[in-house]
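When the count follows this note's numbering, it moves up by one through the sequence shown with no breaks and lands on 1196 for the last residue. Just so you know, even glycine gets a beta-carbon here, dropped at the ideal spot from N, CA and C.
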Amino acid sequence: MRIEKEVYGEEAMERLGGSIALVLKNGGVVYLEGDLGMGKTTLVRGVLRGLGYQGPVKSPTYTLVEPYELSGLEVNHFDLYRVADAEELEYMGIRDYFTEGSLCLIEWADMGRGVLPEADWVISLGLIRQGRHVSLEAQTEKGYAAFHALQKVITS
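Right, dumping it as structure tokens:
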């Protein structure tokens, strides 16, 4: 099950993130795929704004994770770009971040293969003309439920 979108500009990417936030209020695991500069952190900023966060949002490239506590929802934004071996994640206690009600948004999830839980959604970003091609794909039952809700939000 997949949604394909074309997104043009940073504001449009943030709006898409805000729409995604509407259906992820119960948490989940989202893998964000795409090369450097494709807008993964911008999309995360939109999700956080959609959940009510107004502070700065930066890529956790050096810290590996930026946690946010929002209205009872714990949101963890991971950037695993600099991880050399997935076992490093075990040392930081990564499994503790993945609770039933948390939302975990993970950039460069392939660097944590074998340690990370299965993704409810995979969001892939790629370059097209002057914008980005965004593909959203549900992977689990929890992901499918949120996915159906997102289809209604995006098409209304």
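Closest to residue i by CA distance: which of the options is it?
| i | options | result |
| --- | --- | --- |
| G1197 | A1124, L1088, G1095 and Q1170 | Since the first residue shown for the chain is 1041 and the last is 1196, residue 1197 is missing from the structure and cannot be characterised. |
| A1186 | R1169, A1159 and L1165 | A1159 |
| F1138 | L1167, S1175, V1155 and E1127 | V1155 |
| D1125 | M1151, E1054, E1147 and K1045 | M1151 |
| T1103 | R1122, D1136 and E1127 | R1122 |
| L1129 | E1114, V1105, G1171 and G1112 | V1105 |
| S1099 | Q1170, K1080, A1061 and A1149 | K1080 |
Taking 8 Å as the cut-off, decide whether the C-beta atoms of residue i and residue j are in contact.
| i | j | result |
| --- | --- | --- |
| V1063 | H1117 | no |
| V1115 | L1143 | yes |
Can you say whether residue i is buried or exposed, counting buried as having 16 or more other CB atoms within 10 angstroms of its CB?
| i | result |
| --- | --- |
| P996 | Nothing about residue 996 can be reported from this structure: the residues present for the chain run from 1041 to 1196 only. |
| R1042 | exposed |
| M1053 | buried |
| L1165 | buried |
| Y1131 | exposed |
| L1120 | buried |
| L1091 | buried |
How many whole angstroms separate the CB atoms of residue i and residue j, which I take to be in contact at a CB cut-off of 8 Å?
| i | j | result |
| --- | --- | --- |
| V1070 | I1134 | The pair is not a contact, with the Cβ atoms about 15 Å apart (cut-off 8 Å). |
| Y1093 | L1110 | 6 Å |
| L1056 | G1077 | Between G1077 and L1056 the Cβ distance is about 17 Å, and since that is not below 8 Å, they are no contact. |
| G1141 | L1113 | 7 Å |
| task | Could you pull out every unbroken alpha helix (DSSP H) segment of at least 4 residues lying fully inside the stretch 1079 to 1120, listed in chain order? | result | Correct list: 1080 to 1090.
| Residue ranges of each alpha helix (DSSP H) run of no fewer than 4 residues wholly in the stretch 1119 to 1194, ordered along the chain? | DSSP runs (the alpha helix (DSSP H)) wholly in the stretch 1119 to 1194: 1127 to 1131.
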